[in-house]
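Residue numbers (the working numbering), protein chains in the order written: chain A, 1 to 412; chain B, 1001 to 1412.
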DNA sequence: TTTAGTAAGTAAAACGTTTTACCACAATCG
DNA sequence: CGATTGTGGTAAAACGTTTTACTTACTAAA
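The following block contains the structure:
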């Protein structure tokens, strides 16, 4: 803006403005008529003039002006209202668009919107959240962002939220169960409209209980079942059944199991696998079960398997990572896949499958899970908003067997 | 709490309470003397009694009580103050511990703290942030959380912040430059006390400029240099120099370069590499430069390199991922490493180096970088708080050559 | 005996929104 | 012509803290 425009807008002569400037020590330059003045400086001036018009004792006025200066002309809703000549509440309603119960004339609406953009008004979401009790932000807590499948899930959730213009912020647990939640516990309740917990945390029950007390909408995605929290899980039983049927049909009768049973889902898969073997009349050979807790241990397990006197004809790994690793170890030890040994994965997020070994695996449809999780969280938030109670639901998603070239009939 | 305790605390007979309950339709059960009553119900009761004592017109009282009921006895600082018999401001000062300019007697302090825990008071961080203009939360934006090195950096930043009890929330860009920031732009300014941008975003300059206008403290970590933003970078020139010297000393004279030049740091590394070759008097062979944009392309590049009429004696990859991949491709093609070809990586976050091929690489000390970034951001926040302007700084971190068994002298 | 200083607080404004309750005016209806 | 119903707003309270400017009671010094 230029000085002469401002003089017009204020309806005061330049001399008066200069006097005020000096009296209250404003840092606005009013030297040249054609000088450009920033919106913020203009706002400061307007605020000062308004403060002067209030007929307060001199002392109070000085205080007010000092605060205005300190605030550096930050533009608030009331500046927009003042500039557009309307009330604050009206500006709020127009810029929010959510309260459409009250009619507003098209003309005023345009004027306010124009003023807001002209002044560069940016709403303060903190104030908004305080008053409305809604932040518009969803939190995501991820057990381990290093896990490709969990990462895929978060990404899908993020994409889903992008569609509805919500923001999602995440915190991750860095292998320490519950740490992320412990860390954000203090804020979780007020900052987030809802929370998605991705992956199963070992100590999550305690945390779930705390969250329930806080009455925050929560959905657990790919975590464990809990009677008080809505969950979206993948049907491990079905996945392993499909996989086992595939292996059995190929003729495998001696199958090793490799999985990190720190994860609830892996525990489920193992139990199903044991049952299936029993049902199929296969021996319950404990020496073929391996439960490594990390990749280093997993490598050792695979080496042990390959060195067994009677090695199995197939290795069922409960993650694509482990499977890829097992395949690598086997290849480097001179085995051929799938001729010498069949190796299968789980998860189906092995982005590199075309590069390394194309794995037979179980794909868990992460997009579908993300969609369901978001839908359920939205439902909870809506119900919560109406001050009502919601009942948790459990959604179980069907996985799909993907057959690639890491599995074949065993050698005779 | 029990009913008789409450009667004592209120100093009113049960009958009077029951009357109030019926009159204002409170959902608190006051039937049995020995009945347990939740803290929240007790708070509701106290608030109602207080509202009644205010001598307002009946209508206003009803309004107030309705609001109290709607609020479900959410415990605020003023409840604690009321219960402890002190003013609200005092409670704030005691529970915050930050304003120690004012003396407080030990006795009152204990009483207030005891009351707060007894009522289960949890501060509302939104209200706090609104008034104090500090959220205590640092934002982190990551270009690609799938990149192991960036993930390591974020993790180190997170650990550093954990030490100082701050919370860090992140958003990630999902391969789309600037998307994360676009998404969180609206909130960034008010929700976060500062922002760490991890990795180089292609369109980050625009975003930097916007952030500067918002006067939000920002540090760019492992990103590109920018005159208006503080940066913490790794010295690519030094890293490549060390690596080149190693290869040259081993006797390599024909070195292929494989790197994703979408990243600024890779561009820097390439330029340094070109200069070093020139200085060493090696031919400037364009056919040995490969710039794949993803892993699939990278695999193809490596295949092409191996199929060259006169293949190079070494492949310099600008990431451990590419190098690992190149090694795999080479091994599967029947080459031996390092006997047949030398392959080097960059970054030094290859967590699996003991499993696959132990790579010669350049380690960039991520912890050190994280510490510096956090320190610098804290500095900016402090200066910002005092209403002063800060000058951006550039911190360059020295990488370190790690020699493992993927590099050796070329075959004669 | 006044004065100054200090310990231990209090009262109220402020942060920037949203939301509630109300109002003026015009048009319509019986 | 008076009552009713929309239309297009306004004024002010409320959200739950933090912070500023006062206050009171007591002690020590002059």
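Quick reminder that beta carbons are idealized off the backbone N, C-alpha and C, glycines included.
According to DSSP, simplified to helix, strand and coil, what is residue 1132 of chain B?
In the second chain, residue 1132 of chain B corresponds to position 132, counting from 1. Of the three classes helix, strand and coil, the one that applies to residue 1132 of chain B here is helix, per DSSP.
How close, in whole Å, do the beta carbons of residue 1140 of chain B and residue 1170 of chain B come, if the pair is a contact with beta carbons under 8 Å?
What you label residue 1140 of chain B is simply residue 140 of the second chain in a count that begins at 1. What you label residue 1170 of chain B is simply residue 170 of the second chain in a count that begins at 1. With 8 Å as the limit, residue 1140 of chain B and residue 1170 of chain B qualify as a contact, their Cβ atoms being about 4 Å apart.
Using only the alpha-carbon positions, how far apart do residue 377 of chain A and residue 157 of chain A sit?
Position 377 of the first chain, counting from 1, holds the residue named residue 377 of chain A. Position 157 of the first chain, counting from 1, holds the residue named residue 157 of chain A. Roughly 11 Å separates the two Cα atoms.
Counting C-beta neighbours from all protein chains within 10 Å, is the total for residue 82 of chain A 16 or more, i.e. buried, or is it exposed?
As a working mapping, residue 82 of chain A is identified with position 82 in the first chain. Buried, by the Cβ-count rule.
Any beta-carbon of chain B closer than 9 Å to the one on residue 265 of chain A?
To locate residue 265 of chain A, count along the first chain from 1; it is residue 265. No - not a single Cβ of chain B is within 9 Å of the one on residue 265 of chain A.
With 9 Å as the threshold, decide whether the Cβ of residue 88 of chain A is near any Cβ in chain B.
If you number the first chain from 1, residue 88 of chain A lands on position 88. Closer than 9 Å: no.
Inter-residue CB distance, residue 1104 of chain B and residue 1068 of chain B (contact presumed, cutoff 8 Å):
For this step, residue 1104 of chain B is matched to residue 104 along the second chain. For this step, residue 1068 of chain B is matched to residue 68 along the second chain. With a Cβ gap of about 30 Å, residue 1104 of chain B and residue 1068 of chain B do not count as contacting.
Residue 1313 of chain B and residue 1344 of chain B: beta carbons closer than 9 Å?
In the second chain, residue 1313 of chain B corresponds to position 313, counting from 1. In the second chain, residue 1344 of chain B corresponds to position 344, counting from 1. Cβ distance not < 9 Å, so residue 1313 of chain B and residue 1344 of chain B don't count as in contact.
Rounded to whole angstroms, what's the CA-CA distance from residue 324 of chain A to residue 337 of chain A? Just pull it up for me.
As a first step, residue 324 of chain A must be located in the first chain, where it is residue number 324. As a first step, residue 337 of chain A must be located in the first chain, where it is residue number 337. When rounded, the distance between both Cα atoms is 11 Å.
When you compare each of B:1346, B:1386, B:1412 to residue 1402 of chain B by their alpha carbons, which one comes out closest?
The count along the second chain starts at 1 and reaches residue 1402 of chain B at position 402. Nearest option by C-alpha distance: B:1346.
Chain-order list of residues whose beta-carbon lies under 7 Å from that of residue 111 of chain A (same chain, five-residue window excluded)
Counting from one through the first chain, the residue named residue 111 of chain A turns up at place 111. Contacts found: 84.
Per DSSP, what kind of secondary structure is residue 996 of chain B in: helix, strand or coil?
Nothing in the structure corresponds to residue 996 of chain B, since chain B is present only between 1001 and 1412.
When the cut-off is 9 Å and only beta carbons count, does residue 369 of chain A lie next to chain B?
As a working note, residue 369 of chain A is residue 369 in the first chain. Answer no: the Cβ-Cβ gap between residue 369 of chain A and chain B never drops below 9 Å.
For residue 168 of chain A and chain B, any beta-carbon pair shorter than 9 Å?
For the purposes of this step, residue 168 of chain A is identified with residue 168 of the first chain, where counting begins at 1. For residue 168 of chain A, the answer is yes, since a Cβ of chain B falls inside 9 Å of its Cβ.
If we cut at 9 Å on Cβ distances, does residue 9 of chain A have a partner in chain B?
As a working note, residue 9 of chain A is residue 9 in the first chain. Answer no: the Cβ-Cβ gap between residue 9 of chain A and chain B never drops below 9 Å.
Measuring alpha carbon to alpha carbon, tell me which of B:1022, B:1145, B:1318 ends up nearest residue 1348 of chain B.
For the purposes of this step, residue 1348 of chain B is taken as the residue at position 348 of the second chain. When only C-alpha atoms are compared, the closest one is B:1318.
Beta-carbon contacts of residue 1287 of chain B that lie in its chain and below 8 Å, excluding the five residues immediately before and after:
If you number the second chain from 1, residue 1287 of chain B lands on position 287. These residues qualify, in order along the chain: 1308.
Taking the Cβ atom as the reference point for each residue, do residue 1077 of chain B and residue 1120 of chain B lie within a distance shorter than 9 Å?
Here the question's residue 1077 of chain B lines up with position 77 in the second chain. Here the question's residue 1120 of chain B lines up with position 120 in the second chain. No.
Am I right that residue 191 of chain A and residue 135 of chain A are in contact with their C-beta atoms under 8 Å? What's the rounded C-beta distance?
Along the first chain, one-based indexing puts residue 191 of chain A at 191. Along the first chain, one-based indexing puts residue 135 of chain A at 135. Indeed they touch by this definition, with Cβ atoms about 6 Å apart.
Cβ-based burial, residue 283 of chain A [other Cβ within 10 Å; buried from 16]:
On the first chain, residue 283 of chain A is found 283 positions in, with the first residue counted as 1. With fewer than 16 Cβ atoms within 10 Å of its Cβ, residue 283 of chain A is classed as exposed.
Is DSSP giving residue 1007 of chain B helix, strand or coil here?
Locating residue 1007 of chain B in the second chain gives position 7, counting from the first residue. Residue 1007 of chain B: helix per DSSP, three-state reduction.
Let's see if you can read the secondary structure: which residues bound the alpha helix (DSSP H) around residue 1045 of chain B?
Position 45 of the second chain, counted from the first residue, corresponds to residue 1045 of chain B. Run containing residue 1045 of chain B: 1039-1053, per the alpha helix (DSSP H) assignment.
Classify residue 290 of chain A as helix, strand or coil using the three-state DSSP reduction.
In the first chain, residue 290 of chain A corresponds to position 290, counting from 1. Correct three-state label for residue 290 of chain A: strand.
Residue 1268 of chain B and residue 1293 of chain B: beta carbons closer than 9 Å?
One-based indexing of the second chain puts residue 1268 of chain B at position 268. One-based indexing of the second chain puts residue 1293 of chain B at position 293. Their beta carbons are not under 9 Å apart, which means residue 1268 of chain B does not touch residue 1293 of chain B by this criterion.
According to DSSP, is residue 1296 of chain B part of a helix, a strand, or is it coil?
As a first step, residue 1296 of chain B must be located in the second chain, where it is residue number 296. Helix at residue 1296 of chain B.
Taking the CB atoms as reference points, tell me whether residue 275 of chain A and residue 290 of chain A lie closer together than 9 Å.
On the first chain, position 275 is the one that residue 275 of chain A refers to. On the first chain, position 290 is the one that residue 290 of chain A refers to. Taking 9 Å as the Cβ cut-off, residue 275 of chain A and residue 290 of chain A do not qualify as a contacting pair.
In whole angstroms, what is the alpha-carbon distance linking residue 1108 of chain B and residue 1123 of chain B?
Your numbering for residue 1108 of chain B matches position 108 in the second chain. Your numbering for residue 1123 of chain B matches position 123 in the second chain. One C-alpha to the other measures close to 19 Å.
Leaving aside the five residues before and after residue 301 of chain A along the sequence, list all residues of the same chain whose C-beta is less than 6 Å from its C-beta, in chain order.
In the first chain, the residue the question calls residue 301 of chain A occupies position 301. 258, 290, 292, listed in sequence order.
Report the rounded CA-to-CA distance for residue 64 of chain A versus residue 79 of chain A, giving the unit in angstroms.
By one-based count along the first chain, residue 64 of chain A stands at place 64. By one-based count along the first chain, residue 79 of chain A stands at place 79. Approximately 15 Å, taken between the alpha carbons.
Residue(s) in a DSSP beta bridge with residue 1220 of chain B:
Position 220 of the second chain, counted from the first residue, corresponds to residue 1220 of chain B. Paired residue(s): B:1197, B:1231.
Whole angstroms are fine: how far does the CA of residue 1006 of chain B sit from the CA of residue 1215 of chain B?
Position 215 of the second chain, counting from 1, holds the residue named residue 1215 of chain B. Position 6 of the second chain, counting from 1, holds the residue named residue 1006 of chain B. So the two alpha carbons sit approximately 51 Å from each other.
Which residues in chain A sit within 7 Å of residue 1171 of chain B, going by Cβ to Cβ distance?
As a working mapping, residue 1171 of chain B is identified with position 171 in the second chain. Those are 169, listed as they occur along chain A.
So, with DSSP's three-state summary, where would you put residue 280 of chain A?
Taking the first residue of the first chain as position 1, residue 280 of chain A is located at position 280. In this structure, residue 280 of chain A counts as coil in the three-state DSSP scheme.
Can you tell me where the beta strand (DSSP E) with residue 140 of chain A in it begins and where it stops?
Mapped onto the first chain, residue 140 of chain A falls at position 140. Note, residue 140 of chain A: beta strand (DSSP E), 137-142.
Against chain A, does residue 965 of chain B count as a neighbour if the rule is that its beta carbon must be under 9 Å from one of theirs?
Examination of residue 965 of chain B is not possible in this model, given that chain B is present from 1001 through 1412 alone.
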